[in-house]
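So the sequence lines, in the order shown, correspond to chains A and B.
Here the first sequence is numbered in the numbering used here, starting from 475 and rising by one per residue.
Here the second sequence is numbered in the numbering used here, starting from 27 and rising by one per residue.
In what follows, a structure is listed as structure tokens, so that the remarks can point back to it.
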Amino acid sequence: MTDSFIIKLTAAEIAARIASGELTAVEVAEAHLARIEAVDEKVHAFLHIDRDGALAQARAVDEKRERGEKLGPLAGVPLALKDIFTTEGIPTTVGSKILEGWIPPYDATLTRRLREADVVILGKTNMDEFAMGSSTENSAYGPTGNPWDLTRIPGGSGGGSSAALASYEAPLAIGTDTGGSIRQPAAVTGTVGVKPTYGAVSRYGMVAFSSSLDQGGPCARTVLDAALLHEVIAGHDPLDSTSIDAPVPPVVEAARNGSVEGMRVGVVKQFRGEGYQAGVVQRFDESVQLLKELGAEIVELDCPSFDLALSAYYLIAPSECSSNLARFDGLRYGLRVGDDGTRSAEDVTSLTREEGFGDEVKRRIMLGTYALSSGYYDAYYGSAQKVRTLITQDFEKAFEQVDVIVSPTTPTTAFPIGERADDPMAMYLADLCTIPTNLAGNAAMSLPCGLAPEDNLPVGLQIIAPAMKDERLYKVGAAVEAAFVARWGHPLLEEAPSL
Amino acid sequence: MPGITREEVAHLARLARLELKAEELDHFAGQLDDIIGAVARVAEVADRDVPPTSHPLPLTNVMRADEVRPSLTPEQALSCAPAQEQQRFKVPQILGED
């Protein structure tokens, strides 16, 4: 089988072919490493490629198979890991200069689960520094290009992970979603991304940005692949006190039995209006029509507090980040600047943070410091937490009436690199539809629903489910995906220009 | 709502341990003011009788048994340190001379 054939296979297909002996894990890893070598200079999805580690892991899978041992559902499948998860022996930078060259002495729980499932980790993917951003332009190591148009952003903060999928550098990837950083890159690259219920995937070893919002999750090119990865990474972890101690919902089974027949699907009034691109709205309306044709009942919903979600998020996330990032003090690991024997630890810390952090990180640290300061605490952070309650209540009321909610994932398609760089508020609008879910802690998915007619760029459909009902995302997602692929005659990604 | 001045940014930067450059103070003062202006709407709900939510999960303290378990070796723990001495993190002076 040729490399160009192998890299277009889905994760499920790769796993099946390795299990049956049609392909070896080493062949699969080599095909993807060759693809990375051929195109990543242009895409810049990866910050670090672990060629030797990937091939060693692949060889181990092949040996296991030769010995007749049982292989896991994703054994030998290559994966691109967001550079926010610690990886023993492999650099972890979180897209920041402050951790340049840092090689963690331990694996994140998610990393460990991937290794134990015999998934082949190809390397670490580019991201907005500390996952703060909606464009992957805030990486200290330069931006990632969107494989559909390399002059445009691949979404953020997990732009590297989604770009790796869309450029066929990897069939699977991992992202983290604090305000939409899995779903938003998925939407603008024509791939699938899932933010599981908060607490479903361990945060141990995942560098913290905003602890009450951060959630790791799967990125893939198909709904079934995302489900297979979801089952590998989810589940209770005693090392994370916010990890849910309950069985993982049956997401793979749901992805294999896609259907919306008889389901009630909510459309929220607040997820449209000003700021939404016409082509995005058009594709979304067609998706709602499709859901009807597939047997769903559409219910109009009013969630008035969603209008305040963006504001609440941009107070809560910076507040938690200003506290979490205090650990980057130049004393125990990472960069240290100005330690000339005369300066105090406090001065060295200030100089290190000035040098090591980029603009967006500094902006949010100061925003958080301001929102938490004594004179303003009640007006800003305290009020934002009340909004969080109202949003959760709006979701609760909505889910009394419907099984899932749908919306566009992002208000616009991928914008040109640099377009919003100096306008933080314009950048923050990219997260308009994804943020309510992070504040409430429930589950959501983005999957491709077509190209916007005006720019021929991918549009994402967001599906939102109640907490711990992640399987509904996959059931609906699989049905929608199958109907769209049948209508288009092929997966959407086939329409992307070749690199 | 108060505007965010350059002096206020300088004060925040000190609290946050960021040695900002002069041009950054001006740059951030304008941007922070814009952002705070845009997000201040949350205060509209402040008067209402709404309980705050700090976390999506009802968290309870999780305790583990107090047992000795394998952990990082001193070499591993110090492997990423910018400076070390006698198996310890070496840090700049914490207390002043006087």
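Every residue gets a Cβ at the ideal spot worked out from N, C-alpha and C, and that includes glycine.
Note that the structure is a prediction, hence the values are computed from the model and not measured.
Taking residue 872 of chain A as the reference, give the member of A:938, A:860 and A:887 with the closest Cα.
For this step, residue 872 of chain A is matched to residue 398 along the first sequence. Of the listed residues, the one whose Cα sits closest to residue 872 of chain A is A:938.
According to DSSP, is residue 479 of chain A helix, strand or coil?
Position 5 of the first sequence, counting from 1, holds the residue named residue 479 of chain A. If DSSP states are grouped into helix, strand and coil, residue 479 of chain A belongs with the helices.
Could you name the residues that DSSP lists as bridge partners for residue 971 of chain A?
The count along the first sequence starts at 1 and reaches residue 971 of chain A at position 497. Bridge partners of residue 971 of chain A: none, in fact.
Do the CB positions of residue 650 of chain A and residue 558 of chain A come within less than 7 angstroms of each other?
Here residue 650 of chain A refers to the residue found at position 176 of the first sequence. Here residue 558 of chain A refers to the residue found at position 84 of the first sequence. In contact: residue 650 of chain A and residue 558 of chain A (Cβ atoms closer than 7 angstroms).
Does residue 962 of chain A get closer than 7 angstroms to chain B when you measure Cβ to Cβ?
By 1-based counting over the first sequence, the position of residue 962 of chain A is 488. Residue 962 of chain A does not count as touching chain B.
Flag residue 817 of chain A as yes if its beta-carbon sits less than 7 angstroms from any beta-carbon of chain B, otherwise no.
In the first sequence, counting from the first residue as 1, residue 817 of chain A sits at position 343. Output row for residue 817 of chain A: interface = yes.
Could you work out which residue in A:784, A:903 and A:700 is closest to residue 67 of chain B when comparing CA atoms only?
Working through the second sequence from its first residue, we reach residue 67 of chain B at position 41. Nearest C-alpha to residue 67 of chain B: A:784.
Taking a Cβ distance cut-off of 8 angstroms, strictly less, list which residues of the segment 850-879 of chain A are near chain B, in chain order.
Going along the segment 850-879 of chain A in chain order, one finds 852, 853, 854, 856, 857, 858, 859, 860, 861, 862, 863, 864 and 866 with a Cβ nearer than 8 angstroms to chain B.
Measuring alpha carbon to alpha carbon, tell me which residue in A:928, A:770 and A:527 is nearest residue 880 of chain A.
Within the first sequence, numbered from 1, the residue matching residue 880 of chain A stands at position 406. Ranking the options by Cα distance to residue 880 of chain A, first place goes to A:770.
Sorted by chain position, which residues of the same chain lie with C-beta nearer than 6 angstroms to residue 607 of chain A's C-beta, five sequence neighbours on each side aside?
Here residue 607 of chain A refers to the residue found at position 133 when the first sequence is read from its first residue. Counting only Cβ-Cβ distances below 6 angstroms, and skipping sequence neighbours, we find 630, 631 and 834.
Return the residue from the list A:710, A:752, A:566 and A:864 that minimises the CA-CA distance to residue 524 of chain A.
Translated into the one-based positions of the first sequence, residue 524 of chain A becomes position 50. The candidate whose alpha carbon is nearest that of residue 524 of chain A is A:566.
What residue does the alpha helix (DSSP H) around residue 863 of chain A start on, and which one ends it?
By 1-based counting over the first sequence, the position of residue 863 of chain A is 389. 857-875 is the span of the alpha helix (DSSP H), which, as asked, contains residue 863 of chain A.
Please classify residue 886 of chain A: does DSSP put it in a helix, a strand, or coil?
In the first sequence, counting from the first residue as 1, residue 886 of chain A sits at position 412. Looking at residue 886 of chain A - three-state DSSP - the assignment turns out to be coil, as it is neither helix nor strand.
With a CB to CB cut of under 6 angstroms and the five nearest residues on each side skipped, what residues in its chain are close to residue 714 of chain A?
Along the first sequence, one-based indexing puts residue 714 of chain A at 240. Correct list, in chain order: 676, 677 and 678.
For residue 794 of chain A, count the other beta carbons within 10 Å of its own beta carbon; 16 or more makes it buried, fewer makes it exposed. Which is it?
Start at 1 with the first residue of the first sequence, and residue 794 of chain A comes out as number 320. By the 10 Å Cβ count, residue 794 of chain A comes out buried.
Name the chain A residues that come within less than 7 angstroms of residue 118 of chain B, Cβ to Cβ?
Residue numbering aside, residue 118 of chain B sits at position 92 when the second sequence is read from its first letter. In chain order: 813, 817, 818, 819 and 822.
Do you know how far the Cα of residue 684 of chain A is from the Cα of residue 633 of chain A?
By 1-based counting over the first sequence, the position of residue 633 of chain A is 159. By 1-based counting over the first sequence, the position of residue 684 of chain A is 210. Residue 633 of chain A and residue 684 of chain A: Cα-Cα distance of roughly 19 angstroms.
Tell me which residues share the same chain as residue 32 of chain B and place their Cβ nearer than 7 angstroms to its Cβ, disregarding the 5 neighbours each side in the sequence.
For the purposes of this step, residue 32 of chain B is identified with residue 6 of the second sequence, where counting begins at 1. Excluding positions up to five away in sequence, the list reads 51, 52 and 55.
Could you tell me whether the Cβ atoms of residue 560 of chain A and residue 530 of chain A are closer together than 7 angstroms?
Here residue 560 of chain A refers to the residue found at position 86 of the first sequence. Here residue 530 of chain A refers to the residue found at position 56 of the first sequence. No, the Cβ-Cβ distance between residue 560 of chain A and residue 530 of chain A is not below 7 angstroms.
Using a Cβ-Cβ cut-off of 7 angstroms, state whether residue 81 of chain B counts as contacting chain A.
Numbered from 1 along the second sequence, position 55 holds the residue referred to as residue 81 of chain B. Judged by the 7 angstroms Cβ criterion, residue 81 of chain B is in contact with chain A.
Once you ignore the five residues that flank residue 889 of chain A on each side, which residues in its own chain have a CB closer than 7 angstroms to its CB?
What you label residue 889 of chain A is simply residue 415 of the first sequence in a count that begins at 1. Result list for residue 889 of chain A: 626 and 627, in chain order.
Output yes if chain B places a C-beta closer than 7 angstroms to the C-beta of residue 579 of chain A; else output no.
Against the first sequence, residue 579 of chain A aligns to sequence position 105. Yes, contact with chain B.
Does residue 77 of chain B have its Cβ less than 7 angstroms from a Cβ in chain A?
The residue labelled residue 77 of chain B in the question sits at position 51 within the second sequence. So, interface residue.
Which value, in whole angstroms, describes the spacing of the CA atoms of residue 39 of chain B and residue 848 of chain A?
To locate residue 39 of chain B, count along the second sequence from 1; it is residue 13. To locate residue 848 of chain A, count along the first sequence from 1; it is residue 374. In a straight line, the C-alpha of residue 39 of chain B is about 16 angstroms away from that of residue 848 of chain A.
Any Cβ of chain B within less than 7 angstroms of the Cβ of residue 840 of chain A?
For the purposes of this step, residue 840 of chain A is taken as residue 366 along the first sequence, with counting starting at 1. So, interface residue.
Do residue 742 of chain A and residue 701 of chain A have their C-beta atoms closer together than 7 angstroms?
In the first sequence, the residue the question calls residue 742 of chain A occupies position 268. In the first sequence, the residue the question calls residue 701 of chain A occupies position 227. The answer is no: Cβ separation not under 7 angstroms.
Using only alpha-carbon positions, find the residue among A:485, A:673 and A:596 that is nearest to residue 718 of chain A.
Sequence index remark: in the first sequence, residue 718 of chain A carries index 244 (1-based). Answer by Cα proximity: A:673.
Given that residue 60 of chain B touches chain A, what residues does it touch there, using C-beta distances under 8 angstroms?
For the purposes of this step, residue 60 of chain B is identified with residue 34 of the second sequence, where counting begins at 1. Chain A residues near residue 60 of chain B: 898 and 899.
Quick check: what's the CA-CA separation for residue 588 of chain A versus residue 706 of chain A?
Working through the first sequence from its first residue, we reach residue 588 of chain A at position 114. Working through the first sequence from its first residue, we reach residue 706 of chain A at position 232. So the two alpha carbons sit approximately 7 angstroms from each other.
Excluding the five sequence neighbours on either side, which residues of its own chain have a C-beta within less than 6 angstroms of the C-beta of residue 775 of chain A, listed in chain order?
Along the first sequence, one-based indexing puts residue 775 of chain A at 301. Counting only Cβ-Cβ distances below 6 angstroms, and skipping sequence neighbours, we find 740, 742 and 872.
For residue 800 of chain A, count the other beta carbons within 10 Å of its own beta carbon; 16 or more makes it buried, fewer makes it exposed. Which is it?
As a first step, residue 800 of chain A is located in the first sequence; it is residue number 326 there, counting from the start. Per the 10 Å Cβ criterion, exposed.
Determine the chain A residues that contact residue 102 of chain B at a beta-carbon separation under 7 angstroms, and present them in chain order.
What you label residue 102 of chain B is simply residue 76 of the second sequence in a count that begins at 1. Correct list: 579.
Considering only C-alpha positions, which residue in the set A:609, A:840 and A:662 is nearest to residue 929 of chain A?
Numbered from 1 along the first sequence, position 455 holds the residue referred to as residue 929 of chain A. If we check each option's Cα against that of residue 929 of chain A, A:662 comes out closest.
Starting from residue 836 of chain A, find everything on chain B with Cβ-Cβ shorter than 9 angstroms and list it in chain order.
What you label residue 836 of chain A is simply residue 362 of the first sequence in a count that begins at 1. Result: 39, 42, 44, 46, 50 and 54.
Can you give, in chain order, each stretch of the beta strand (DSSP E) that sits fully within the segment 747-812 of chain A and has at least 3 residues?
Listed in chain order, the complete beta strand (DSSP E) runs (minimum 3 residues) inside the segment 747-812 of chain A are 771-775.
I'd like to check one pair, residue 64 of chain B with residue 840 of chain A: are the Cβ atoms closer than 7 angstroms?
Locating residue 840 of chain A in the first sequence gives position 366, counting from the first residue. Locating residue 64 of chain B in the second sequence gives position 38, counting from the first residue. Not closer than 7 angstroms, so no.
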